[in-house]
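Protein chains in written order, with the numbering used here: chain A, 9 to 121; chain B, 9 to 256. The C-beta atom is built at its ideal place from N, Cα and C for all residues, glycine as well. Nothing here was measured: the structure is a model prediction, and the numbers come from that model. Data first, discussion second: the structure below is written as structure tokens.
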Amino acid sequence: MAHHIENDFQQTAEIPKPQTKAIWRTFFILVGLTALEFLFAFTMDAGTARNAIFIILTIFKAFYIVAEFMHLKHEAKSLIWSIIIPLALVVWLMVALLAEGSYYYESITNYFK
Amino acid sequence: MSTSTTLEAPKSGTWDGGNEPMKASYGKLMMWFFLLSDAFTFGAFLIVYGLTRHAHTPYTGEAEAFTFSTEWWPIPEKVFNAFPGFHGVDLPLAFVALMTMILIFSSVTMVLAVEAGHRMDKKDVEKWLLWTILFGATFLACQAWEWTHFIVGTDEGMLLPDGTTYHGASMAFNQYGPPLFANLFFFITGFHGFHVFIGWTLLIVAFISTVNGVYHKRGHYEMVEKIGLYWHFVDLVWVFVFTFFYLI
Chain A
9 MAHHIENDFQ
19 QTAEIPKPQT
29 KAIWRTFFIL
39 VGLTALEFLF
49 AFTMDAGTAR
59 NAIFIILTIF
69 KAFYIVAEFM
79 HLKHEAKSLI
89 WSIIIPLALV
99 VWLMVALLAE
109 GSYYYESITN
119 YFK
Chain B
9 MSTSTTLEAP
19 KSGTWDGGNE
29 PMKASYGKLM
39 MWFFLLSDAF
49 TFGAFLIVYG
59 LTRHAHTPYT
69 GEAEAFTFST
79 EWWPIPEKVF
89 NAFPGFHGVD
99 LPLAFVALMT
109 MILIFSSVTM
119 VLAVEAGHRM
129 DKKDVEKWLL
139 WTILFGATFL
149 ACQAWEWTHF
159 IVGTDEGMLL
169 PDGTTYHGAS
179 MAFNQYGPPL
189 FANLFFFITG
199 FHGFHVFIGW
209 TLLIVAFIST
219 VNGVYHKRGH
229 YEMVEKIGLY
239 WHFVDLVWVF
249 VFTFFYLI
């Protein structure tokens with residue numbers, strides 16, 4: 009058995025050499041960005057500035073994972089936008105609920121004194 | 009009575025059917041839209057974490073003088089500072105750094121498996137899938153240790169007003185801070201760990217199918233690609249959990 013002729017063109021054909029340069033480049037970028045995050049975590053005092061740096065670095069990491077590893081950068085334009093645009097709703101929810109949390113905190117600390 | 013038939017010219021626009029406007033197969037498209045919906049779920053979890061944190065008193069004192077209290081939200085690097093084999097040693101974020109590296113490595117081996125699939129290189133797909141399964145299992149083991157440590161607690165624990173000490177965490181109370189802190193830890197990292205477990209199971213199925221030559225006979229390794237999309241998404245979620253739960 010297992011000596012079928014159909015589809016055998018792939019078995020007999022020469023397997024091309026791996027093209028992994030871009031993959032390892034993305035890997036080193038991700039490791040570098042993570043190392044940078046740890047550097048800031050231990051050398052900088054906590055605060056809005058440090059949080060902003062963390063969020064920016066996170067967005068960069070997310071970009072490299074989605075664009076290169078998930079290959080979205082090389083897909084059709086309509087697919088890229090179908091994935092990106094709905095995520096604006098997440099940003100909206102974030103802004104709305106963070107404001108809500110701050111308002112709640114203000115209320116319980118100041119209004120019921 | 010009409011005797012002549014008029015031939016309508018076939019529609020040939022992008023969205024008139026008969027082609028793939030997004031140049032991706034049905035399975036891959038559905039995986040993308042599932043991942044989009046999953047991003048909403050994880051986004052909601054992390055946003056609720058942000059809401060809860062804004063609704064609690066922040067710790068404003070010196071980081072060195074920090075103690076666990078239900079009065080304020082804990083500093084994450086004071087909670088996650090344990091490492092297996094280094095009992096009682098203060099190693100802030102060291103273990104979570106290791107977990108992050110393991111997941112990044114597993115992402116690379118996954119994308120290498122997908123690349124090998126494009127070249128119809130069965131041996132390479134097997135090799136890289138096996139590495140990904142190994143890293144995935146290591147990550148899950150790390151998370152099991154982290155949960156165990158979080159639940160059992162530290163030697164110091166939290167000193168309660170009645171003079172007793174509380175160790176560890178449950179859904180009702182925890183030694184690290186307000187009850188919601190532990191609840192959100194369990195829900196967010198637990199939901200992520202559950203995703204890793206699902207992905208890990210899918211990888212094992214894909215590995216068995218690859219060894220049996222299922223994809224080779226099919227003529228393409230698209231299943232590995234779709235599982236790869238899911239696996240990378242799980243890594244992506246960890247990037248956000250890492251920032252918003254452990255760093256900020």
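Three-state secondary structure assigned by DSSP to residue i
i: residue 101 of chain B; result: coil
i: residue 60 of chain B; result: helix
i: residue 28 of chain B; result: coil
i: residue 59 of chain A; result: helix
i: residue 184 of chain B; result: coil
i: residue 39 of chain B; result: helix
i: residue 47 of chain B; result: helix
i: residue 174 of chain B; result: strand
i: residue 166 of chain B; result: strand
i: residue 152 of chain B; result: helix
i: residue 134 of chain B; result: helix
i: residue 100 of chain A; result: helix
Short CB-CB distance (under 7 Å) between residue i and chain B
i: residue 109 of chain A; result: yes
i: residue 112 of chain A; result: yes
i: residue 73 of chain A; result: yes
i: residue 84 of chain A; result: yes
i: residue 44 of chain A; result: no
i: residue 35 of chain A; result: yes
i: residue 18 of chain A; result: Since pLDDT at residue 18 of chain A reaches only 49, below the 50 mark, its modelled position is unreliable, and the value read off the structure follows with that caveat. For residue 18 of chain A, the answer is yes, since a Cβ of chain B falls inside 7 Å of its Cβ.
i: residue 88 of chain A; result: no
i: residue 38 of chain A; result: yes
i: residue 92 of chain A; result: no
Limits of the alpha helix (DSSP H) - the one that residue i falls within
i: residue 115 of chain A; result: Taken as a continuous stretch (DSSP letters only), residue 115 of chain A belongs to no alpha helix (DSSP H), as it is neither H nor E.
i: residue 33 of chain A; result: 29-51
i: residue 187 of chain B; result: 187-219
i: residue 86 of chain B; result: 84-87
i: residue 227 of chain B; result: Residue 227 of chain B -> no alpha helix (DSSP H), and no H or E assigned at all.
Proximal chain B residues relative to residue i, where beta-carbon distance stays under 8 Å
i: residue 69 of chain A; result: 247
i: residue 59 of chain A; result: 256
i: residue 62 of chain A; result: 251, 255 and 256
Exposure label - residue i; buried when at least 16 CB within 10 Å
i: residue 198 of chain B; result: exposed
i: residue 24 of chain A; result: exposed
i: residue 53 of chain A; result: exposed
i: residue 229 of chain B; result: buried
i: residue 100 of chain A; result: exposed
i: residue 24 of chain B; result: exposed
i: residue 90 of chain B; result: buried
i: residue 117 of chain A; result: exposed
i: residue 213 of chain B; result: exposed
i: residue 95 of chain A; result: exposed
i: residue 115 of chain B; result: buried
i: residue 34 of chain B; result: exposed
i: residue 207 of chain B; result: buried
i: residue 57 of chain B; result: buried
i: residue 99 of chain B; result: exposed
Partners in chain A for residue i, counting only beta-carbon separations shorter than 9 Å
i: residue 129 of chain B; result: 23, 24 and 26
i: residue 110 of chain B; result: None at all; the shortest Cβ gap to chain A is about 12 Å.
i: residue 211 of chain B; result: Result: empty, since nearest Cβ-Cβ is about 15 Å, beyond 9 Å.
Within chain A, partners of residue i - CB distance below 7 Å
i: residue 63 of chain B; result: 109, 112 and 113
i: residue 237 of chain B; result: 78
i: residue 105 of chain B; result: 46
Residues that residue i contacts on chain B, provided the C-beta gap is smaller than 7 Å
i: residue 77 of chain A; result: 115, 119 and 240
i: residue 95 of chain A; result: 47
Any C-beta of chain A under 7 Å from that of residue i
i: residue 165 of chain B; result: no
i: residue 31 of chain B; result: yes
i: residue 141 of chain B; result: no
i: residue 40 of chain B; result: yes
i: residue 55 of chain B; result: yes
i: residue 44 of chain B; result: yes
i: residue 207 of chain B; result: no
i: residue 35 of chain B; result: no
i: residue 51 of chain B; result: yes
Contact list for residue i against chain B, beta-carbon separation under 9 Å
i: residue 66 of chain A; result: 247, 248, 250, 251, 252 and 255
Partners in chain A for residue i, counting only beta-carbon separations shorter than 8 Å
i: residue 58 of chain B; result: 102, 105, 106 and 109
i: residue 123 of chain B; result: 26, 27, 28 and 31
i: residue 149 of chain B; result: The premise fails here: residue 149 of chain B is roughly 20 Å from chain A at the closest Cβ pair, so nothing lies under 8 Å.
i: residue 2 of chain B; result: As displayed, chain B neither begins before 9 nor continues past 256, which places residue 2 of chain B out of reach and without an answer.
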